[in-house]
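First up is the structure itself, then whatever we jot down about it.
There are 2 protein chains.
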Amino acid sequence: MFRLETILFEHSKSSLVKYVLTRYYCGMNDELFNLIERLANLLRQETRLEGQSLGLQPVQQEALYYLSTCNRYSDTMLAVTEFLGLTKGTVSQSLKILESNALIIKVKDKKDKRITHLKVTKAGREFLMKTCPPQKFTDAITSLSVDEEFETKTLLKKVLNNYQQATGRTAFGVCQHCKFNQQTSDGIVCGLTKEALSNDDIMLICKEYAV
Amino acid sequence: MFRLETILFEHSKSSLVKYVLTRYYCGMNDELFNLIERLANLLRQETRLEGQSLGLQPVQQEALYYLSTCNRYSDTMLAVTEFLGLTKGTVSQSLKILESNALIIKVKDKKDKRITHLKVTKAGREFLMKTCPPQKFTDAITSLSVDEEFETKTLLKKVLNNYQQATGRTAFGVCQHCKFNQQTSDGIVCGLTKEALSNDDIMLICKEYAV
DNA sequence: TGATAAATGTTTCGACTCGAAACTATTTTA
DNA sequence: TAAAATAGTTTCGAGTCGAAACATTTATCA
Numbered sequence: 041m042f043r044l045e046t047i048l049f050e051h052s053k054s055s056l057v058k059y060v061l062t063r064y065y066c067g068m069n070d071e072l073f074n075l076i077e078r079l080a081n082l083l084r085q086e087t088r089l090e091g092q093s094l095g096l097q098p099v100q101q102e103a104l105y106y107l108s109t110c111n112r113y114s115d116t117m118l119a120v121t122e123f124l125g126l127t128k129g130t131v132s133q134s135l136k137i138l139e140s141n142a143l144i145i146k147v148k149d150k151k152d153k154r155i156t157h158l159k160v161t162k163a164g165r166e167f168l169m170k171t172c173p174p175q176k177f178t179d180a181i182t183s184l185s186v187d188e189e190f191e192t193k194t195l196l197k198k199v200l201n202n203y204q205q206a207t208g209r210t211a212f213g214v215c216q217h218c219k220f221n222q223q224t225s226d227g228i229v230c231g232l233t234k235e236a237l238s239n240d241d242i243m244l245i246c247k248e249y250a251v
Numbered sequence: 041m042f043r044l045e046t047i048l049f050e051h052s053k054s055s056l057v058k059y060v061l062t063r064y065y066c067g068m069n070d071e072l073f074n075l076i077e078r079l080a081n082l083l084r085q086e087t088r089l090e091g092q093s094l095g096l097q098p099v100q101q102e103a104l105y106y107l108s109t110c111n112r113y114s115d116t117m118l119a120v121t122e123f124l125g126l127t128k129g130t131v132s133q134s135l136k137i138l139e140s141n142a143l144i145i146k147v148k149d150k151k152d153k154r155i156t157h158l159k160v161t162k163a164g165r166e167f168l169m170k171t172c173p174p175q176k177f178t179d180a181i182t183s184l185s186v187d188e189e190f191e192t193k194t195l196l197k198k199v200l201n202n203y204q205q206a207t208g209r210t211a212f213g214v215c216q217h218c219k220f221n222q223q224t225s226d227g228i229v230c231g232l233t234k235e236a237l238s239n240d241d242i243m244l245i246c247k248e249y250a251v
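This is the structure:
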């Protein structure tokens with residue numbers, strides 16, 4: 041995988057001080073890692089620009105975006121925490137800023153008073169529609185054919201699923217494709233909550249997703 | 041692209057206060073964006089864990105990794121700045137920390153005294169070999185067949201190239217596939233610098249890459 | 001040639017992010 | 001009914017970030 045080589049070079053002003061460095065060349069394994077990191081860097085950069093009008097940080101926009109895509113079982117602070125891979129305190133603060141900007145509102149759960157649902161407001165949706173995904177990224181995607189885009193998505197989904205499983209993280213996924221999603225005589229039902237699901241519901245992301 | 045729908049729900053304790061929200065469902069365009077963001081989140085999280093032993097932040101590890109993969113024309117602070125999409129001051133500080141941890145050393149350029157080359161030390165290489173790419177990510181990749189992995193890389197490269205072009209950013213790329221890379225009777229030469237390139241050189245990433 | 005502009009990099013500042021830990025309130029467990 | 005678990009907030013200190021001012025060196029060009 042790695043090739044090792046020892047090289048020499050001079051250090052700054054102090055003449056003839058030599059440092060021995062070990063140098064390795066990346067195997068093909070690194071390449072995919074590298075590509076994802078670089079795409080993520082560019083995305084973060086563009087996201088930062090898009091958020092400047094409202095003074096929103098990238099991480100806050102990510103949280104807002106997540107909340108716009110998740111279902112009613114997954115719109116809590118803890119779910120956002122899982123999704124972003126951060127700690128409770130950090131996420132709590134980010135959400136406070138989204139709330140102060142009137143992009144989300146907090147709605148207490150009626151059954152369990154500990155739980156607060158986070159609902160994206162009209163202003164929040166409008167902001168997302170303008171900015172998310174960033175325009176230049178969307179443009180870059182169009183260079184792929186429909187088949188190529190589908191293929192990319194399929195393969196990345198495979199990697200993501202495995203990665204989520206390896207890290208023991210909640211496997212967020214689309215309700216429709218979840219093993220708890222059941223078609224009954226009364227319509228579509230969630231096997232976990234036993235609640236009825238609408239055609240819109242099943243298109244959203246759920247934190248309880250399982251295959 | 042988007043489907044709009046107006047929904048109603050009750051707000052917290054104040055009974056019967058209704059909020060009108062506009063809700064939209066993501067078209068397929070969002071999906072690729074979403075996948076990359078989520079993979080990046082997981083990578084950042086695992087990177088954070090891996091760096092704890094040395095007290096290294098994710099962004100510092102990314103800089104170190106970049107420096108281990110780039111050539112002698114691209115191992116400067118400004119190149120790292122371009123690569124990470126951050127500002128000079130920020131990167132300068134991150135590099136100072138890498139230097140204080142003896143993971144890189146600074147080497148003044150002999151021709152242009154403004155330029156400082158950043159060389160990864162043996163300790164730096166060893167740290168990277170242990171931690172980069174993160175183990176669980178590497179494991180997740182193995183779920184792909186060789187062909188699938190190749191296909192994914194090819195497609196993501198296409199997206200990245202377009203994205204870099206759209207943002208007007210430096211298009212980092214492997215020397216070997218650059219248009220300035222020339223095969224002459226004396227060996228391989230860089231058309232920009234007119235310098236000879238070794239077989240090792242041409243495998244590294246260059247900030248002057250062009251197609 | 002000599003003044004001005006441009007490029008490389010550092011430092012400082014204030015706003016923001018992050019994890020850790022302590023804390024409240026509610027629900028579940030035993 | 002007491003103890004444990006869950007959802008969420010607040011506070012603290014370390015670190016990240018961009019912006020701007022700065023120093024040094026090199027390039028431009030009149």
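Each protein sequence line maps, in turn, to chains A and B.
Following our numbering, the numbering of the first sequence begins with 41 at its first residue and continues without gaps.
Following our numbering, the numbering of the second sequence begins with 41 at its first residue and continues without gaps.
Beta carbons: idealized from backbone N, C-alpha and C, even for Gly.
This structure is a prediction, so every number in the text was calculated from the model and none was measured.
- When only Cα atoms are considered, L107/A and L158/A end up about 7 Å apart.
- When only Cα atoms are considered, H217/A and V251/A end up about 8 Å apart.
- Residues of the segment 201 to 215 of chain B with a C-beta atom less than 9 Å from some C-beta of chain A are N201, N202, Y203, Q204, Q205, A206, T207, R209 and F212, listed in chain order.
- Distance from K198/B to L184/A at the Cβ level is roughly 6 Å; contact confirmed, criterion being Cβ atoms closer than 8 Å.
- Contact with chain A is absent for L94/B, since none of that chain's Cβ atoms lies less than 8 Å from the residue's Cβ.
- Taking 8 Å as the threshold, the shortest C-beta distance from E248/A to chain B does not fall below it.
- Within the same chain, A250 and V251 come within 7 Å of K219/B by CB-CB distance, once the 5 residues on both sides are set aside.
- Shown in chain order are the members of the segment 116 to 139 of chain B whose Cβ falls below 7 Å from a Cβ of chain A: L124 and G125.
- For T171/B, the CB contacts under 8 Å within the same chain, skipping 5 residues up- and downstream, are T87, E90, G91 and Q101 in chain order.
- Looking from the CA of N201/B, the closest CA among N141/A, T224/A and A180/A belongs to A180/A.
- Here V229/B carries a strand assignment [DSSP, helix/strand/coil].
- Taking the Cα positions, L124/A is about 18 Å away from T156/A.
- Fully contained in the segment 137 to 195 of chain A are the following beta strand (DSSP E) runs of length 3 or more, in chain order: 144 to 148 and 156 to 160.
- By the beta-carbon neighbour count (other beta carbons within 10 angstroms, threshold 16), T194/B is exposed.
- Rounded to the nearest angstrom, the gap between the Cα atoms of S114/B and V131/B is 15 Å.
- Close partners of D70/A in chain B (Cβ separation under 7 Å): P173.
- In the structure shown, N221/B adopts extended strand secondary structure according to DSSP, grouped into three states.
- Residue burial annotation: K128/A is exposed, with fewer than 16 other C-beta atoms found within 10 angstroms of its C-beta.
- In the DSSP secondary-structure assignment, A236/A is bridged to V229/A.
- Under the 8 Å criterion on CB atoms, R78/B is classed as interfacial with respect to chain A.
- Annotation: T116/B to G231/A spans about 56 Å, alpha carbon to alpha carbon.
- The bridge partners DSSP lists for I245/A are C110/A and V214/A.
- Between A80/B and K247/B, the C-beta gap is not smaller than 8 Å, which leaves the two residues out of contact.
- Residue environment analysis places V186/A among the exposed positions, since fewer than 16 neighbouring C-beta atoms fall within 10 angstroms of its C-beta.
- The Cβ neighbour count for D70/A, taken over all protein chains shown within 10 Å, is at least 16; the residue is labelled buried.
- The beta carbon of S134/B lies closer than 7 Å to those of V99, Q100 and A103 in the same chain, with the five residues before and after it left out.
- Between V251/B and chain A, the shortest Cβ-Cβ separation is not below 8 Å.
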